[in-house]
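Novice: One structure follows; several queries about it will come next.
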Amino acid sequence: MSTNEHIITRIAPSPTGFFHMGTLRTALFCYLYARKHDGKYLLRIEDTDKIRSKKEFEDDILESLKWLGIEHDAFFRQSEHLSEHKIYLQKLIDEDKAYISREESKENAGEMREVIRFRNKSETVTFHDLILGDVTVDTSDLGDFVIAKDFDTPLYNFAVVVDDCNANITHVIRGQDHVPNTPRQILLYKALDKPVPAFAHIPLILAPDKQKLSKRKHGESVAVSTYRKNGYLPEALINFMALIGWNPGTEQEIFSLKGLVEAFTLERVQKSPGVFNLDKLNWINKEHMKLLPIEEQEKRVFEFLPESVTNLPHFNTEKMRTLVPNIIERIEKFGDVRTMGDGGELTFFFETPTLVRDSLVFKGSTADEGKTHLLEAQAILTNLGESDWTIETIKSAIMAYADTLPKRGPALHPLRYALSGLERSPDPFTIANAIGKTETLHRIQNALTILA
RNA sequence: GGCUCUAUCGUCUAACGGUUAGGACACGGCCUUUUCAAGGCUGUAAUCCGGGUUCGAUUCCCGGUAGAGUCACCA
Numbered sequence: 363m364s365t366n367e368h369i370i371t372r373i374a375p376s377p378t379g380f381f382h383m384g385t386l387r388t389a390l391f392c393y394l395y396a397r398k399h400d401g402k403y404l405l406r407i408e409d410t411d412k413i414r415s416k417k418e419f420e421d422d423i424l425e426s427l428k429w430l431g432i433e434h435d436a437f438f439r440q441s442e443h444l445s446e447h448k449i450y451l452q453k454l455i456d457e458d459k460a461y462i463s464r465e466e467s468k469e470n471a472g473e474m475r476e477v478i479r480f481r482n483k484s485e486t487v488t489f490h491d492l493i494l495g496d497v498t499v500d501t502s503d504l505g506d507f508v509i510a511k512d513f514d515t516p517l518y519n520f521a522v523v524v525d526d527c528n529a530n531i532t533h534v535i536r537g538q539d540h541v542p543n544t545p546r547q548i549l550l551y552k553a554l555d556k557p558v559p560a561f562a563h564i565p566l567i568l569a570p571d572k573q574k575l576s577k578r579k580h581g582e583s584v585a586v587s588t589y590r591k592n593g594y595l596p597e598a599l600i601n602f603m604a605l606i607g608w609n610p611g612t613e614q615e616i617f618s619l620k621g622l623v624e625a626f627t628l629e630r631v632q633k634s635p636g637v638f639n640l641d642k643l644n645w646i647n648k649e650h651m652k653l654l655p656i657e658e659q660e661k662r663v664f665e666f667l668p669e670s671v672t673n674l675p676h677f678n679t680e681k682m683r684t685l686v687p688n689i690i691e692r693i694e695k696f697g698d699v700r701t702m703g704d705g706g707e708l709t710f711f712f713e714t715p716t717l718v719r720d721s722l723v724f725k726g727s728t729a730d731e732g733k734t735h736l737l738e739a740q741a742i743l744t745n746l747g748e749s750d751w752t753i754e755t756i757k758s759a760i761m762a763y764a765d766t767l768p769k770r771g772p773a774l775h776p777l778r779y780a781l782s783g784l785e786r787s788p789d790p791f792t793i794a795n796a797i798g799k800t801e802t803l804h805r806i807q808n809a810l811t812i813l814a
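Note that our numbering has the first sequence beginning at 363, numbered continuously upward.
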């Protein structure tokens, strides 16, 4: 069926820090392009920097990718290829394309050491980037760049080229911050007598300050784990990141990973960098939350439910479950439910609220009026049978009364406040239904006592 | 500073020479069974500047300007 089975892409993160949003974006684009063309997508951990590479960071990369659902077809560690690097290093030296240079160490001033430098013939390199078009660079100012500290310690530009050759990578898709590395690498491909892969440098994602996303300047907000902890959906994060620097050419904005694979083309990738916009991410996340089956919504809400809610006197799992659709409407990410205890939007469902007299009285109305309406509500609800205790019946019974009034507010506000104890809350019918008949009447009685 | 790249509403973007410059987020207004949320409708808001090319430029070319990336014995 496919004519592009030869396509192989890779993501090559280094385990020297937590999994970065930029890495997520690059991984995503590599994955989308490979899947779209029935090719392969590889994961290679770039751990040649023995000192800075840490196992915990590698674990974070693996876990994050798994959480996101970006699955690779093969996995390598660059350190596993050291013998290959050594062979090619020797080959280059044998052919006089590289040489051992004895010079003062840059790491430890004063110390003399040997490094391996590439013999740069200072030619002009032009490559056709699938996104940027033709890029021409004069490599003379690169000089004889260092490709290895010694035979056992190849440096990035060299190791990447050897590994990409060995893995038969056909398309190098990476961030535009790698554009300056490309001429260097092309020189190495040629020196090694290997085919040069296609390059596609995707636009960078900038922080709201329009600077490249960096841990130092932007802190936790660049770590994928932060979004996971805060209850964002992986599919939402992916959807959002795909839409920075790429568009489907239609007005569709909400995509599943599968949908992105179908819609993705490198032709519609932007050349210019895009700013990370949290508002938009929140909106996309909400759209994905609404798409989730109810059981999934429940599962996630419970996952983030704080003890300040579960420890409440009348807390009960079944009741909580019925509240989920309501909660989904009121949050933009699941982590938001963590702040719904402690007098927040969830507390009054499981605890009789403390009422303040002034708040009970509707503005423009009087205490006596409020009392009259509450008495009426009390009578109406008392007459409602337990089996009739649904949002719909409660609502129609109360509204039938409220509609006989010139304005509904004076009747509805005291009732809502009596039940919630909050200036802002869901409607009284939803609350009454959730807390049950007995508790509803109890709270109305509390309000009447205060007004007496 | 050198090199490379980029330039449409505040932000993400559509337009591949001819549009009242479209959509989304955010913001404002209105509506909807009190408030909040959700939902519906609606409004404000953009082609960086200057030259060309062309009957006609957001679109093509050149020059400015601005922004970004990068300049390791890190990746």
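Ideal Cβ positions, reconstructed from N, Cα and C, are used throughout, including at glycine.
Any idea which residues DSSP pairs Phe-438 with across the strands?
Specialist: Per DSSP, Arg-406.
Novice: Pair every Cβ in the stretch 515 to 525 with every Cβ in the stretch 560 to 568, then say whether three or more of these pairs are closer than 8 angstroms.
Specialist: No, they do not touch.
Novice: Would you kindly work out how many angstroms separate the C-alpha atoms of Lys-416 and Thr-410, rounded to a whole number?
Specialist: Going by the C-alpha atoms only, they are around 11 angstroms apart.
Novice: Grab the span of the alpha helix (DSSP H) containing Phe-710 for me, first residue to last.
Specialist: From DSSP, Phe-710 is part of no alpha helix (DSSP H); its letter is neither H nor E.
Novice: Give me the Cβ distance between Glu-425 and Ser-376, rounded to the nearest whole Å; I'm assuming they're in contact under 8 angstroms.
Specialist: Between Ser-376 and Glu-425 the Cβ distance is about 16 angstroms, and since that is not below 8 angstroms, they are no contact.
Novice: Give the C-beta separation of Leu-724 and Pro-772 to the nearest angstrom, bearing in mind that I take them to be a contact with Cβ-Cβ under 8 angstroms.
Specialist: Residue identity check: residue 724 is Phe in the sequence provided, not Leu. Contact flag correct, Cβ pair sits at about 5 angstroms.
Novice: Which runs of the beta strand (DSSP E) fall wholly inside the stretch 561 to 642 and span at least 3 residues, in chain order?
Specialist: Runs found: none.
Novice: Please report the distance separating the alpha-carbon of Glu-446 from that of Asp-458.
Specialist: Using only the alpha carbons, I get a separation of about 18 angstroms.
Novice: Helix, strand or coil for Phe-520? Go by DSSP, reduced to three states.
Specialist: Three-state DSSP puts Phe-520 in a helix.
Novice: Cβ of Ala-604 within 8 angstroms of Cβ of Phe-617?
Specialist: Yes, these two residues count as a Cβ contact at 8 angstroms.
Novice: Given Asp-512, which residues of its chain have a CB within under 6 angstroms of its CB, disregarding the five upstream and five downstream residues?
Specialist: Excluding residues within five positions, none has a Cβ falling inside 6 angstroms.
Novice: Can you list, in chain order, the residues of its chain whose CB lies under 7 angstroms from that of Leu-390, leaving out five sequence neighbours each side?
Specialist: Hits under 7 angstroms: Ile-432, Ile-600, Met-603 and Ala-604.
Novice: Between Leu-685 and Ala-796, which are expected to be in contact by the criterion C-beta below 8 angstroms, what is the C-beta distance as a whole number of angstroms?
Specialist: Right, their Cβ atoms sit about 6 angstroms apart.
Novice: In this structure, what does DSSP give as the bridge partners for Ile-535?
Specialist: In DSSP, Ile-535 forms a bridge with Ala-562.
Novice: Using 8 angstroms as the threshold, is the C-beta distance between Cys-527 and Lys-552 below it?
Specialist: Against a cut-off of 8 angstroms, the Cβ pair of Lys-552 and Cys-527 comes out as no contact.
Novice: Report buried or exposed for Val-524, applying the criterion of at least 16 other Cβ atoms within 10 angstroms of its Cβ.
Specialist: Answer is buried; the Cβ neighbour count reaches 16.
Novice: With a threshold of 7 angstroms, establish whether the CB of Asp-409 neighbours any heavy atom of the ligand ATP.
Specialist: Ligands are entirely absent from the displayed structure, and the ligand ATP is therefore not among its contents.
Novice: If contact is defined by three or more beta carbon pairs under 8 angstroms, each pair taking one atom from either stretch, is the stretch 710 to 719 in contact with the stretch 751 to 763?
Specialist: Contact fails: fewer than three Cβ-Cβ distances are below 8 angstroms.
Novice: If I measure Cβ to Cβ from Thr-428 and keep anything under 6 angstroms in the same chain, skipping five residues before and after, which residues do I get?
Specialist: Checking the displayed sequence, the identity of residue 428 turns out to be Lys instead of Thr. Cβ within range, chain order: n/a, list empty.
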